[in-house]
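Asks:
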Amino acid sequence: MPMKFKQIQAFITVAREGNMTLAAEKMGITQSGLSRLLLSLEADLSASLFERHKHGMALSEYGSAFLPYALTMLNTEQKAREEIELIRGAGKGILRIGCVSSLLTSHFIDKLAAFHQRHPQIHLRIVDRIDSELYKLLLMHDIDIALCGPLPHDEKIVVRGKINWQDRICIVARQHHPLHQAADVTLEAMLDYPWIMPPPSSTPMNILADIFRARQLPCPQPVIECASSSAIKAFLCESDLLTSMPAPVYRHEEALGLLRPFELEGSVFIRDFYAYSHFGVLSGAALQLIQHLKQ
Numbered sequence: 001m002p003m004k005f006k007q008i009q010a011f012i013t014v015a016r017e018g019n020m021t022l023a024a025e026k027m028g029i030t031q032s033g034l035s036r037l038l039l040s041l042e043a044d045l046s047a048s049l050f051e052r053h054k055h056g057m058a059l060s061e062y063g064s065a066f067l068p069y070a071l072t073m074l075n076t077e078q079k080a081r082e083e084i085e086l087i088r089g090a091g092k093g094i095l096r097i098g099c100v101s102s103l104l105t106s107h108f109i110d111k112l113a114a115f116h117q118r119h120p121q122i123h124l125r126i127v128d129r130i131d132s133e134l135y136k137l138l139l140m141h142d143i144d145i146a147l148c149g150p151l152p153h154d155e156k157i158v159v160r161g162k163i164n165w166q167d168r169i170c171i172v173a174r175q176h177h178p179l180h181q182a183a184d185v186t187l188e189a190m191l192d193y194p195w196i197m198p199p200p201s202s203t204p205m206n207i208l209a210d211i212f213r214a215r216q217l218p219c220p221q222p223v224i225e226c227a228s229s230s231a232i233k234a235f236l237c238e239s240d241l242l243t244s245m246p247a248p249v250y251r252h253e254e255a256l257g258l259l260r261p262f263e264l265e266g267s268v269f270i271r272d273f274y275a276y277s278h279f280g281v282l283s284g285a286a287l288q289l290i291q292h293l294k295q
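Numbering-wise (UniProt numbering), the sequence shown opens with residue 1 and increments by one.
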């Protein structure tokens with residue numbers, strides 16, 4: 001028997017909430033109605049999708065395997081409705097975009113503004129996350145497009161192409177940091193100072209490890225881990241901490257004489273950017289944006 005949209009919606013809601021009561025409230029139906037939807041879906045698939053326990057519900061091995069396909073089906077249905085409403089002239093296309101912070105603190109934002117002016121009927125929702133979090137958001141279909149550096153290969157994520165943008169990732173410190181006053185700065189000397197960095201899975205952290213590994217040096221171990229670039233810059237201005245950061249993120253502080261990069265040979269990384277989407281049907285609005293960003 002073909003699966004029904006309500007069954008898919010019920011499965012995804014329970015998977016996210018982990019609780020029948022909360023899921024039923026979110027869907028606006030009774031628990032018995034929700035239970036019937038799940039049981040009929042499991043019967044259609046001839047598989048038990050959840051493990052039931054006294055604290056709630058958890059995905060089974062079959063449920064975990066089915067989840068990305070269920071998300072694709074739900075997303076496709078929603079996109080189809082949006083496209084039909086656009087053709088009718090009612091409502092707006094909704095485009096959910098995930099970007100790394102260096103894109104949103106540079107003139108790249110002008111490209112998004114130009115796209116919005118050209119397509120005012122498309123409603124843009126933009127989130128600022130590190131690339132490893134964008135990867136997770138794509139897998140969960142919480143965003144339509146991710147704009148970032150290279151992501152790990154995954155059959156559920158599609159590379160839509162390289163966009164017309166690069167940035168530089170540099171080692172940065174406050175303007176009057178002791179190392180900026182030194183005659184000869186080395187990576188070895190930087191190991192004597194404390195570091196503040198984004199999470200281990202972030203691009204700046206991975207690049208930093210590669211830079212030090214290339215010199216056969218241990219990677220600096222951050223004394224502070226922070227996912228907020230604004231907080232990192234505030235710490236740098238008030239201490240002798242070091243960090244690795246994309247140039248567009250600190251350009252205003254550099255212009256004001258607060259922060260300054262080190263230009264050591266081999267310590268500056270040029271990063272290319274790509275557009276990614278989740279597997280499945282991509283809306284016309286998303287395809288238009290990707291084409292706009294490639295120009």
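Each residue gets a CB set at the ideal place from its N, CA and C atoms; glycine is no exception. Predicted model only: the values in this text are computed from it and were never measured.
1. L287 and I163 - do their beta-carbons sit closer together than 8 Å?
2. DSSP three-state label for R16, please.
3. Do the region 123-143 and the region 95-102 meet, that is, are 3 or more Cβ pairs less than 8 Å apart?
4. Report the three-state DSSP secondary structure of A90 (helix, strand or coil).
5. Is it the case that the Cβ atoms of Y274 and P150 are separated by a distance below 8 Å?
6. I need the straight-line Cα distance from L259 to K4, nearest angstrom please.
7. Under a Cβ-count criterion, where at least 16 other Cβ atoms within 10 Å of its own Cβ denotes burial, should Y69 be classed as buried or exposed?
8. How about A173 and L103: are their beta carbons less than 8 Å apart?
9. Quick test of the definition: if touching needs 3 or more C-beta pairs under 8 Å, does the region 209-226 touch the region 245-256?
10. Terminal residues of the continuous alpha helix (DSSP H) containing V100?
11. Cα separation between M20 and F269?
12. Smallest Cα separation from K156: which of S32, R16 and S277?
13. Using alpha carbons as the reference points, say which of S132, M140, L41 and A23 lies closest to C148.
14. Assuming K6 contacts L37 under a Cβ cut-off of 8 Å, what Cβ separation, rounded to an integer in Å, is found between them?
15. Taking the straight line between their C-alpha atoms, what separation do you get for R81 and A10?
16. Applying the criterion that 16 or more other CB atoms from any shown protein chain within 10 Å of the CB defines a buried residue, is P178 buried or exposed?
17. Enumerate in chain order the residues of its own chain whose CB-to-CB distance from G18 is below 6 Å, with the five nearest sequence positions on each side excluded.
18. Going by beta carbon distance, what residues of the same chain come within less than 6 Å of W195, once the five residues before and after it are set aside?
19. Find the nearest neighbour of I211 within the set C226, P199, T105 and L191, judged by alpha-carbon distance.
20. Taking only runs that begin and end inside the UniProt domain "HTH lysR-type" (3-60), name each unbroken beta strand (DSSP E) of 3 or more residues, in chain order.
21. Under DSSP, the alpha helix (DSSP H) around I109 begins and ends at which residues?
22. Which complete alpha helix (DSSP H) runs does the region 189-267 hold, if anything under 4 residues is left out?
Replies: Reading from the atomic positions:
1. In the sequence shown, counting from the first residue as 1, residue 163 sits at position 163. In the sequence shown, counting from the first residue as 1, residue 287 sits at position 287. Cβ distance not < 8 Å, so I163 and L287 don't count as in contact.
2. Counted from its first residue, the sequence shown places residue 16 at position 16. Reduced to three states, the DSSP call for R16 is helix.
3. Yes, the region 123-143 is in contact with the region 95-102.
4. As a first step, residue 90 must be located in the sequence shown, where it is residue number 90. Only weak support is given to the placement of A90: the predicted model assigns it a pLDDT of 48, under 50, and the question is left unresolved by the model.
5. As a working mapping, residue 274 is identified with position 274 in the sequence shown. As a working mapping, residue 150 is identified with position 150 in the sequence shown. Going by C-beta atoms, Y274 is nearer than 8 Å to P150.
6. The residue you call residue 259 lines up with position 259 of the sequence shown. The residue you call residue 4 lines up with position 4 of the sequence shown. Distance between the alpha carbons of L259 and K4 is about 56 Å.
7. Taking the sequence shown and counting its residues from 1, one reaches residue 69 at position 69. Counting Cβ neighbours within 10 Å, Y69 comes out exposed, since fewer than 16 surround it.
8. Position 173 of the sequence shown, counting from 1, holds the residue named residue 173. Position 103 of the sequence shown, counting from 1, holds the residue named residue 103. Cβ distance not < 8 Å, so A173 and L103 don't count as in contact.
9. no
10. Walking along the sequence shown from the start, residue 100 turns up at place 100. Unbroken run through V100: none, as it is neither H nor E.
11. Looking up residue 20 in the sequence shown gives position 20. Looking up residue 269 in the sequence shown gives position 269. Using only the alpha carbons, I get a separation of about 49 Å.
12. Stepping through the sequence shown from its first residue, residue 156 is reached at position 156. Of the listed residues, the one whose Cα sits closest to K156 is S277.
13. Locating residue 148 in the sequence shown gives position 148, where the first residue counts as 1. Comparing Cα positions, the closest option is S132.
14. Residue mapping note: residue 6 aligns to position 6 of the sequence shown, counting from 1. Residue mapping note: residue 37 aligns to position 37 of the sequence shown, counting from 1. The Cβ separation is near 6 Å, so the contact holds.
15. Position 81 of the sequence shown, counted from the start, is the residue given in the question as residue 81. Position 10 of the sequence shown, counted from the start, is the residue given in the question as residue 10. R81 and A10: Cα-Cα distance of roughly 19 Å.
16. Position 178 of the sequence shown, counted from the start, is the residue given in the question as residue 178. By the neighbour-count rule (16 or more Cβ atoms within 10 Å), P178 is not buried but exposed.
17. For the purposes of this step, residue 18 is identified with residue 18 of the sequence shown, where counting begins at 1. Excluding sequence neighbours, G18 sits near G56 and M57.
18. Looking up residue 195 in the sequence shown gives position 195. If you ignore the 5 residues before and after W195, its C-beta comes within less than 6 Å of the C-beta of P220, P222 and L242, all in its own chain and listed in chain order.
19. By one-based count along the sequence shown, residue 211 stands at place 211. Ranking the options by Cα distance to I211, first place goes to L191.
20. As far as the UniProt domain "HTH lysR-type" (3-60) is concerned, its whole beta strand (DSSP E) runs of at least 3 residues are 50-53 and 56-59.
21. Translated into the one-based positions of the sequence shown, residue 109 becomes position 109. Per DSSP, the continuous alpha helix (DSSP H) segment holding I109 begins and ends at F108 to R118.
22. Those alpha helix (DSSP H) runs which fall completely within the region 189-267 and span 4+ residues are 203-214, 229-237 and 247-255.
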